[in-house]
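Read the structure below first, then the notes.
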Ligand code: HEC
Ligand code: HEC
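In this note's numbering, the protein residues as written are 60 to 290.
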């Protein structure tokens, strides 16, 4: 590029910088996209590690609390990758419910400590003991989901409205205060886009009529006083 004109120096420098930055950005986005498609393998020695924390109700409950605090927003109520952050992003986080039957506790513990891409490392946040509690909780998911009557609610609504219908944010509606017909009508309207650009239209667009009715039946059947109980 010619630098004959004194003034052009001032425009060339920032342009070059801009180009360098955007190229770097493109490259880093490309490498993340590439990394995500590669299966995540834990080292052999880690995979073989046994869980030193006994699998019992106490440990599962401890893991459940930790999971709700640190993992639920991405992995969802039942680890299926449908947490609020997970739902809103293009690439859903891993479905832990499915993976739990395929991977060893040691592999899970290592990945939780390590992190990858948007999944943060929990090495500094959780103690080793706490990570094993979370691993025990994930192992318990399969049984709990199998016995859940309200499976559609568990899978598709509870991460935002809770099982009690009390929303995670105060400004969202309390569902047990609505009749079954009201809830159904609202959901059909959101799903069809009549109520456009709402959070609910994003989360209800692929629900079947039957699923909408089931969810409406569940929430409208709850006692309104459940709203005053703790979450
Ligand atoms: C910010 C969102 C986010 C949070 C918070 C998060 N994860 Fe993840 N998790 C992800 C994503 C995305 C992946 C897939 C990462 C990849 O494959 O590169 C993942 C992958 C995993 C995997 C590995 C799955 C596999 O491919 O084998 C495990 C296990 C896991 N997460 C457990 C947890 C646990 C337990 C917590 C809480 C302590 C947690 N995650 C918190 C987003 C998150
Ligand atoms: C990602 C979070 C999220 C999920 C998942 C979710 N909701 Fe909602 N829901 C909201 C928000 C936010 C509102 C407030 C209205 C809006 O912005 O869409 C709402 C409002 C509602 C309303 C009132 C609608 C209105 O127009 O007044 C009903 C009924 C409802 N939700 C039922 C459900 C049911 C049933 C499910 C499961 C099938 C569900 N929601 C799943 C976030 C969610």
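Ideal Cβ positions, reconstructed from N, Cα and C, are used throughout, including at glycine. It should be emphasised that the depicted structure is a prediction, and the values quoted were computed from it without experimental measurement.
Of the listed residues 256, 267 and 277, nearest to residue 238 (C-alpha basis): Residue numbering aside, residue 238 sits at position 179 when the chain shown is read from its first letter. The option with the nearest alpha carbon to residue 238 is 277.
Residue 121: CB within 7 Å of a non-hydrogen atom of ligand 1: On the chain shown, position 62 is the one that residue 121 refers to. Residue 121 Cβ: outside cutoff for every heavy atom of ligand 1.
Whole-Å CB distance - residue 200 paired with residue 137, under 8 Å assumed: Along the chain shown, read from residue 1 onward, the residue named residue 200 stands at position 141. Along the chain shown, read from residue 1 onward, the residue named residue 137 stands at position 78. Cβ atoms of residue 200 and residue 137 come within 8 Å of each other, at about 6 Å.
At least 3 beta-carbon pairs within less than 8 Å: the segment 105–120 vs the segment 177–194: With a cut-off of 8 Å, the segment 177–194 and the segment 105–120 count as touching, because enough Cβ pairs lie within range.
Environment of residue 83 [buried if 16+ CB atoms lie within 10 Å]: Working through the chain shown from its first residue, we reach residue 83 at position 24. Residue placement at residue 83 cannot be trusted, given a pLDDT of 39 that sits under 50; what the coordinates show is reported in the next sentence. Exposed, because fewer than 16 other Cβ atoms sit within 10 Å of the Cβ of residue 83.
Under the three-state DSSP convention, the category residue 274 falls into: Numbered from 1 along the chain shown, position 215 holds the residue referred to as residue 274. Of the three classes helix, strand and coil, the one that applies to residue 274 here is helix, per DSSP.
Nearest residue (CA-CA) to residue 240, options 123, 274 and 121: Position 181 of the chain shown, counted from the start, is the residue given in the question as residue 240. Of the candidates 123, 274 and 121, the one whose C-alpha sits nearest the C-alpha of residue 240 is 274.
Minimum C-alpha distance to residue 150 - residue among 98, 140 and 254: By one-based count along the chain shown, residue 150 stands at place 91. In terms of CA proximity to residue 150, 140 leads the group 98, 140 and 254.
Which of helix, strand or coil DSSP assigns to residue 182: Position 123 of the chain shown, counting from 1, holds the residue named residue 182. Three-state DSSP puts residue 182 in coil, outside helix and strand.
Continuous alpha helix (DSSP H) stretch holding residue 250: start and end: For the purposes of this step, residue 250 is taken as residue 191 along the chain shown, with counting starting at 1. Looking at the DSSP string, the run of the alpha helix (DSSP H) that includes residue 250 is 239–251.
Alpha-carbon spacing of residue 205 relative to residue 212, whole angstroms: Counting from one through the chain shown, the residue named residue 205 turns up at place 146. Counting from one through the chain shown, the residue named residue 212 turns up at place 153. Note that residue 205 scores 40 on pLDDT, short of 50, meaning its location in the model is unreliable; the coordinates nonetheless yield the value given after this. Using only the alpha carbons, I get a separation of about 13 Å.
For residue 113, the three-state DSSP class (helix, strand or coil): Your numbering for residue 113 matches position 54 in the chain shown. Of the three classes helix, strand and coil, the one that applies to residue 113 here is coil, per DSSP.
Buried versus exposed, by CB contacts within 10 Å (16 or more), residue 217: Taking the chain shown and counting its residues from 1, the one referred to as residue 217 is at position 158. Per the 10 Å Cβ criterion, buried.
Closer than 7 Å: residue 133 CB and nearest ligand 2 heavy atom: Counted from its first residue, the chain shown places residue 133 at position 74. It does not: the Cβ of residue 133 is nowhere closer than 7 Å to a heavy atom of ligand 2.
CA-to-CA distance, residue 135 to residue 122, given in whole angstroms: What you label residue 122 is simply residue 63 of the chain shown in a count that begins at 1. What you label residue 135 is simply residue 76 of the chain shown in a count that begins at 1. In this structure, the alpha-carbon of residue 122 lies about 14 Å from that of residue 135.
6 Å CB neighbourhood of residue 142 in its chain, flanking five on each side removed: Position 83 of the chain shown, counted from the first residue, corresponds to residue 142. The beta carbon of residue 142 sits closer than 6 Å to those of 131, 132, 133, 134, 135 and 218, all from its chain and outside the five residues before and after it, given in chain order.
Residue 176 beta carbon near ligand 1 (any heavy atom closer than 7 Å): Counting from 1 along the chain shown, the entry for residue 176 is found at position 117. Yes, the Cβ of residue 176 comes within 7 Å of a heavy atom of ligand 1.
Residue 104 and residue 166 closer than 8 Å at C-beta: Counting from 1 along the chain shown, the entry for residue 104 is found at position 45. Counting from 1 along the chain shown, the entry for residue 166 is found at position 107. In this structure, residue 104 lies away from residue 166, with their beta-carbon atoms at least 8 Å apart.
beta-carbon residue 126 near ligand 1 non-hydrogen atom, thresh 7 Å: In the chain shown, residue 126 corresponds to position 67, counting from 1. Yes - ligand 1 has a heavy atom lying nearer than 7 Å to the Cβ of residue 126.
Residue from 194, 98, 178 and 191 whose Cα sits closest to the Cα of residue 145: Here the question's residue 145 lines up with position 86 in the chain shown. If you compare the alpha carbons of 194, 98, 178 and 191 with that of residue 145, the shortest gap goes to 178.
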